[in-house]
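4 protein chains.
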Amino acid sequence: MIIIMKSHATKKQIEDVISWVESVGYRAHPSTGVERTIIGAIGDKRDKEILQYAETLPGVEKTMPILKPYKLASHEAHEGNTEVSVGSIKIGGPEFVVIAGPCAIESKEQLLKSARVVKKGGAQVLRGGAYKPRTSPYSFQGMEEDGLKILKQVGMKAKLPTVTEVVSPADVDLVESYADMLQIGARNVQNFPLLKKVGHSRRPVLLKRGMMTTIEELLMSAEYILSEGNPNIVLCERGIRTFETATRNTLDISAVPVLKGLTHLPVIVDPSHAAGDWRYVIPLSRAAIAVGADGIIVEVHPQPEKAFSDGAQSLKPEKFYQLMEELKAITSVMKH
Amino acid sequence: MIIIMKSHATKKQIEDVISWVESVGYRAHPSTGVERTIIGAIGDKRDKEILQYAETLPGVEKTMPILKPYKLASHEAHEGNTEVSVGSIKIGGPEFVVIAGPCAIESKEQLLKSARVVKKGGAQVLRGGAYKPRTSPYSFQGMEEDGLKILKQVGMKAKLPTVTEVVSPADVDLVESYADMLQIGARNVQNFPLLKKVGHSRRPVLLKRGMMTTIEELLMSAEYILSEGNPNIVLCERGIRTFETATRNTLDISAVPVLKGLTHLPVIVDPSHAAGDWRYVIPLSRAAIAVGADGIIVEVHPQPEKAFSDGAQSLKPEKFYQLMEELKAITSVMKH
Amino acid sequence: MIIIMKSHATKKQIEDVISWVESVGYRAHPSTGVERTIIGAIGDKRDKEILQYAETLPGVEKTMPILKPYKLASHEAHEGNTEVSVGSIKIGGPEFVVIAGPCAIESKEQLLKSARVVKKGGAQVLRGGAYKPRTSPYSFQGMEEDGLKILKQVGMKAKLPTVTEVVSPADVDLVESYADMLQIGARNVQNFPLLKKVGHSRRPVLLKRGMMTTIEELLMSAEYILSEGNPNIVLCERGIRTFETATRNTLDISAVPVLKGLTHLPVIVDPSHAAGDWRYVIPLSRAAIAVGADGIIVEVHPQPEKAFSDGAQSLKPEKFYQLMEELKAITSVMKH
Amino acid sequence: MIIIMKSHATKKQIEDVISWVESVGYRAHPSTGVERTIIGAIGDKRDKEILQYAETLPGVEKTMPILKPYKLASHEAHEGNTEVSVGSIKIGGPEFVVIAGPCAIESKEQLLKSARVVKKGGAQVLRGGAYKPRTSPYSFQGMEEDGLKILKQVGMKAKLPTVTEVVSPADVDLVESYADMLQIGARNVQNFPLLKKVGHSRRPVLLKRGMMTTIEELLMSAEYILSEGNPNIVLCERGIRTFETATRNTLDISAVPVLKGLTHLPVIVDPSHAAGDWRYVIPLSRAAIAVGADGIIVEVHPQPEKAFSDGAQSLKPEKFYQLMEELKAITSVMKH
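One line per chain: the protein sequences are A, B, C and D, in this order.
Under this note's numbering, think of the first position of the first sequence as 52, with each following residue one higher.
Under this note's numbering, think of the first position of the second sequence as 52, with each following residue one higher.
Under this note's numbering, think of the first position of the third sequence as 52, with each following residue one higher.
Under this note's numbering, think of the first position of the fourth sequence as 52, with each following residue one higher.
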């Protein structure tokens with residue numbers, strides 16, 4: 052943390068800041084320039100939150116944190132890029148990975164039909180929700196454990212590893228006994244007890260960015276999981292909330308290269324939730340592969356017009372096959 | 052839900068939309084105007100999500116929900132305004148209620164000192180966090196049950212009812228055995244398992260708006276708690292995330308009169324978290340009372356410069372006393 | 052500007068940064084700490100934009116501007132607070148000033164009726180638009196010079212100084228020949244040719260914050276006017292654009308105390324445009340006076356249901372009188 | 052406009068709304084359903100603003116505009132897609148168009164060097180600013196007419212059509228005498244006098260979305276130009292302002308397919324201003340072509356480290372050549 056004094060700060064004010072820095076357990080390293088004094092606060096604690104108080108001390112112009120607040124998620128902590136295994140599939144390696152399936156598991160038949168489409172199109176992982184965090188208590192809340200059982204059966208039958216969302220720490224053990232990957236949804240990105248719990252899981256974690264989570268906060272949430280011991284995290288950009296209402300959220304496509312510059316973890320894109328409208332899913336998926344994402348997660352449903360949830364943003368089978376063809380074409384010209 | 056057809060929609064398209072509406076369990080009520088056809092979809096299910104799919108059907112211009120998605124939280128469900136009792140204090144009645152105390156419980160001595168300030172200033176409820184949801188895993192995470200014990204002891208000694216945050220469904224029973232009111236923090240406003248759990252609590256709930264939550268979503272979260280059977284909810288505006296960085300969040304002061312128009316539940320304001328800087332807490336508190344809020348929740352600390360968390364936004368005792376004086380002056384001229 | 056090197060920056064990288072700083076006309080002042088080197092870039096040019104490039108140089112962790120980019124608008128440039136005279140009225144002094152009138156001037160009769168209401172209610176300045184910046188080319192664009200003539204006549208008759216918007220540099224001379232104060236609207240807050248032009252005017256300027264303008268950018272726009280020689284500026288917070296759609300914009304009430312801390316210029320609030328709904332104008336006006344604003348600007352119309360523009364947010368006469376009564380009550384207990 | 056009455060609206064309230072609709076010049080078309088009455092307000096005026104007032108009438112639940120507020124910009128007004136000619140180049144046709152050059156024209160030598168790079172890389176149009184809208188009055192404001200002269204000379208020498216920004220209605224005649232295309236910058240997207248003025252120009256217009264502008268508002272600004280008679284408009288997405296600060300703005304990549312669905316006008320992307328950092332320009336450009344944009348506009352500078360403005364987001368020549376190669380590869384697999 053650097054504390055920058057005002058140009059007309061008094062000697063007394065500077066001394067008071069130095070005393071205070073030391074009183075809260077840091078070393079103060081003042082540097083007197085031509086125009087003003089700058090005080091470095093040095094210590095080995097990564098949490099420098101208490102130092103923010105300095106901004107309200109007399110004579111202080113502003114403060115500036117220097118260290119990135121995450122460590123295990125940063126490139127410094129890990130050479131090269133992490134590849135995360137989901138069953139036999141690797142996310143973050145040379146292959147572009149497509150995770151596909153319905154928003155919610157509605158029945159065995161529905162998921163089987165979906166899985167056949169997913170497999171036929173050439174996607175590598177099956178998605179399907181058994182616990183649905185819904186804005187309304189009157190909306191379909193998911194099939195819960197019955198859904199998990201269907202997911203496992205269908206995944207095995209279709210030879211596709213599976214990913215499904217977990218919404219409560221108490222459910223983690225159950226969910227990981229059925230699914231190959233645990234998803235933390237956008238609304239739970241700062242559900243810290245849940246993050247700590249999946250940090251102890253043996254399953255890889257798909258961590259979605261919240262709709263109002265900064266990139267740095269997303270990495271801090273990954274840091275929670277990493278610091279509990281689970282190194283297998285895939286980050287997912289799924290749209291942020293802005294003033295624009297033409298799409299459900301605004302896909303922050305720039306987050307992909309920004310994250311690639313900051314972390315060794317794989318980064319995928321969810322164009323379905325970002326757009327909220329299937330008509331934009333194909334172009335946004337093309338943008339995702341072109342910008343350098345490691346994969347996408349898309350919603351596919353055999354009959355979107357009858358889907359219990361997210362029908363408007365789910366691709367029909369034929370549109371999904373078209374998407375897969377277009378992705379293959381771009382893959383062929385992308386450098387890795 | 053109203054489905055508005057394009058002006059040049061064909062008869063076939065109109066018929067297809069009607070068939071589809073009926074196929075998903077609603078009655079279709081078409082109305083042919085001079086320029087276009089409008090189709091009402093009528094049914095008794097409050098969750099009309101599936102109808103959103105209509106927007107992607109051929110010939111449809113747009114769709115429009117009519118019913119408010121919340122019911123128990125709306126004025127129609129409850130005559131007059133709800134008064135929520137916290138110990139012997141009523142929030143939502145004629146009295147403006149001040150909830151005050153430190154961000155985190157750090158020790159018995161610290162909380163005792165804080166409570167004396169809170170009491171002396173004339174505030175009615177003591178706050179203090181034992182479970183702290185922190186962006187960084189390296190930050191102080193709270194004293195947990197030890198903190199709860201201190202809170203109970205200090206509350207009884209100071210004769211102040213208490214409120215404290217709960218962050219996990221598994222902790223609700225424990226927390227309600229120590230505190231008079233349960234707080235759901237901004238990051239948990241859409242933690243639905245937690246909302247359902249406090250919906251079964253006998254304690255009143257202080258529900259904070261998330262920094263990413265619309266007013267309608269906040270009311271939907273209240274609806275989760277109400278629909279589980281707990282009618283005692285106090286809503287809290289605490290700042291939303293915007294592009295402006297001069298304050299930590301942007302206090303959405305208009306949310307107070309908007310909420311008053313939509314719900315019978317009491318509404319309070321948290322100026323400390325909105326601003327993130329103690330220098331703005333007094334003017335924002337004055338704005339809160341003037342705009343018609345039922346109360347405020349503010350952070351007070353005997354020594355903000357040594358606080359484990361949120362020191363920069365905590366009032367010192369003398370500033371807190373000044374705040375209470377200024378609030379009293381405005382109260383005296385406000386109509387109820 | 053401070054340039055912070057990475058902890059593992061090489062000596063060569065540090066030297067390269069120093070050379071580059073000097074090559075673009077600044078003095079480099081390196082300071083080698085225990086963990087990293089910090090380089091101050093010192094020069095007398097207030098525009099340090101070129102230095103931002105440093106952030107992309109090898110070995111640089113980040114850069115940080117120190118000087119506030121505005122000077123004339125800051126407290127350092129001017130002792131105490133500026134009082135801006137509009138006719139015989141002073142904004143920024145002990146008196147809370149209410150500017151009121153219709154959105155647009157529609158006819159002499161309409162403005163006369165409005166002015167009588169404004170005067171009777173006790174407001175001090177008359178507003179009315181002759182040039183209307185409208186999102187749609189098909190909306191009423193204002194009466195232009197005919198409107199200005201009416202404004203002048205009515206202002207004189209009602210003994211109220213007047214403020215009206217100017218939207219083009221070419222119109223400034225004309226508008227200042229009719230009105231006592233020039234308004235720069237939210238959409239023109241970064242219309243730099245217009246700012247420069249009103250910087251040469253002899254009239255005071257009411258400068259509205261844009262709906263996506265930061266507080267710092269607003270002060271930079273004021274700096275444009277100040278640096279051209281016009282010291283008489285009143286800043287106006289009128290709501291910013293956020294994700295919340297319950298109100299037209301989100302009134303950033305915190306901007307008032309933040310601006311008071313940064314500048315000597317008066318600050319007023321426009322609750323009508325912020326809310327877009329007359330039902331919130333009275334509570335938001337109370338919040339404005341309580342938070343410490345120097346005044347408000349509100350829309351009043353004798354017949355809002357027939358207004359050419361902004362009818363939904365205009366107060367009827369009786370509501371306006373009620374507002375003025377409530378403001379008087381709060382004024383009586385506010386300290387100055 | 053559709054006006055939806057509350058389910059318990061009285062007969063008197065319904066009649067009052069109908070009378071009011073007719074009193075402001077529309078025909079009222081009521082339709083009484085099982086649960087509530089819906090009133091269509093029909094008229095041939097595209098500006099239905101006055102009807103918004105209905106939302107505040109007693110018994111009204113909400114109102115809903117039906118017609119899109121723009122007409123000439125919509126697909127209904129124009130079959131197929133518009134191709135806009137800039138010199139001999141067509142934007143909006145089968146060819147992906149790259150507009151490139153420095154942010155600001157700094158000298159003839161600088162622009163000549165830039166133009167050689169632009170030409171060698173294979174871009175089709177040269178950009179360069181002579182009038183620079185700058186947040187700070189102390190920043191370089193552009194070479195003005197001297198810059199325009201250089202732009203014309205260099206464009207002719209390099210055989211590249213040119214585009215440059217115009218910031219004031221008074222400058223339009225001058226600028227169009229030197230440049231092949233007029234740019235309206237983000238800050239002027241709702242500078243209506245300027246839009247009207249370029250609506251009379253014989254030059255095509257590059258209209259940038261503002262950082263605060265919705266997609267609908269952008270189309271309304273295009274409508275201003277179209278309704279004055281100039282049909283040659285290219286729309287440009289350049290990033291919107293959000294809470295995320297890792298990039299200067301957030302590139303709203305979804306705006307491209309959304310706009311393609313709403314308008315016949317070409318749509319290009321400006322990755323340089325969106326990101327504010329040259330390191331993200333190549334991936335974002337790839338995303339732009341993949342999502343279906345008609346072109347991009349990028350900043351290229353022979354020596355970004357010495358640029359008068361925007362150095363941090365300008366590509367060096369070698370990076371620009373790399374970009375052009377990567378775009379060619381993706382072009383080869385994109386369907387048109």
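Even for Gly, the Cβ is constructed at its ideal location relative to N, Cα and C.
Source: prediction; values computed, not measured.
Under a 10 Å Cβ-count criterion, D:Leu118 is classified as exposed, with fewer than 16 other Cβ atoms of the shown protein chains found around its own Cβ. In this structure, the alpha-carbon of A:Val256 lies about 9 Å from that of A:Asp231. For B:Glu86, the nearest CB of chain D lies under 8 Å from its own CB, placing it at the interface with that chain. In this structure, DSSP gives D:Ala273 a helical state, which the three-state scheme calls helix.
Per DSSP, the continuous alpha helix (DSSP H) segment holding B:Gly172 begins and ends at Lys159 to Gly172.
Per DSSP, B:Pro81 is one residue of the beta strand (DSSP E) stretching across Arg78 to Thr83.
When DSSP states are grouped into helix, strand and coil, A:Val218 belongs to the coil group.
Shown in chain order are the members of the region 268 to 292 of chain A whose Cβ falls below 7 Å from a Cβ of chain B: Glu268, Met271, Glu274, Tyr275, Ser278 and Arg292. In the three-state reduction of the DSSP assignment, B:Ser360 falls in the coil class.
For A:Phe294, the chain C residues whose C-beta falls within less than 7 Å of its own C-beta are Arg292, Thr293 and Phe294, listed in chain order. Exclusion of the five residues before and after D:His352 leaves Pro153, Ala358 and Ser365 as the residues of its chain whose Cβ lies within less than 6 Å of its Cβ.
As DSSP reads the structure, D:Ile54 sits in a beta bridge with D:Ile90 and D:Thr114. Assignment of beta-bridge partners to C:Ile333 by DSSP yields no partner. As computed with DSSP, D:Lys63 is found in no beta bridge at all.
For D:Pro109, the CB contacts under 6 Å within the same chain, skipping 5 residues up- and downstream, are Gln64 in chain order. Minimum Cα-Cα distance from A:Ser158 among the listed residues A:Pro145, A:Gly198 and A:Val169 corresponds to A:Gly198. The beta carbons of A:Ile381 and A:Val342 sit no closer together than 8 Å. D:Met232 is bridged by DSSP to D:Val214. Each residue's CA atom was taken as its position, placing A:Ala128 and A:Gly144 some 19 Å apart. Residues Tyr275 and Glu279 of the same chain have their beta carbon placed closer than 7 Å to that of B:Lys247, with the five preceding and five following residues left out of the count.
DSSP places D:Val342 in the helix class (H, G or I) of the three-state scheme.
Exposure of B:Asp224 is indicated by the presence of fewer than 16 other C-beta atoms within 10 angstroms of its C-beta.
Within the region 343 to 372 of chain D, the residues whose Cβ lies closer than 8 Å to some Cβ of chain C are Pro355, Glu356, Lys357, Ala358, Phe359, Ser360, Gly362 and Ala363, listed in chain order. When the alpha-carbon of D:His80 is set against those of D:Met262, D:Ile55, D:Tyr104 and D:Pro368, the nearest one is in D:Ile55. Around the Cβ of A:Val218, a 10 Å sphere holds 16 or more other Cβ atoms; the residue is buried. Taking 8 Å as the cut-off, the beta carbon of B:Val148 is found closer than this to the beta carbon of B:Gln175. For the region 100 to 119 of chain D, the set of positions with a beta-carbon nearer than 9 Å to some beta-carbon of chain C reads Glu100, Ile101, Gln103, Tyr104, Ala105, Glu106, Thr107 and Leu108 in chain order. Sixteen is the threshold: since fewer than 16 other Cβ atoms of the shown chains lie within 10 Å of the Cβ of D:Arg253, the residue is exposed. Look at A:Ser305: its C-beta is under 8 Å from a C-beta on chain D. CA-CA distance, A:Pro317 to D:Gly236, rounds to 36 Å. Taking the CA atoms as reference points, D:Leu233 sits about 22 Å from D:Lys311. For C:Ala151, the enclosing beta strand (DSSP E) covers residues Val148 to Gly152. In terms of Cβ geometry, D:Val309 and A:Ala363 do not form a close pair [threshold 8 Å]. Within 8 Å of the CB of C:Pro308, the CB atoms of chain B belong to Arg330, Tyr331, Pro334 and Leu335, in sequence order along the chain. For A:Met375, the CB contacts under 6 Å within the same chain, skipping 5 residues up- and downstream, are Gly172 and Gly173 in chain order. A contact is defined here as three or more CB-CB pairs under 8 Å, and the region 182 to 197 of chain B fails this definition with respect to the region 162 to 170 of chain B.
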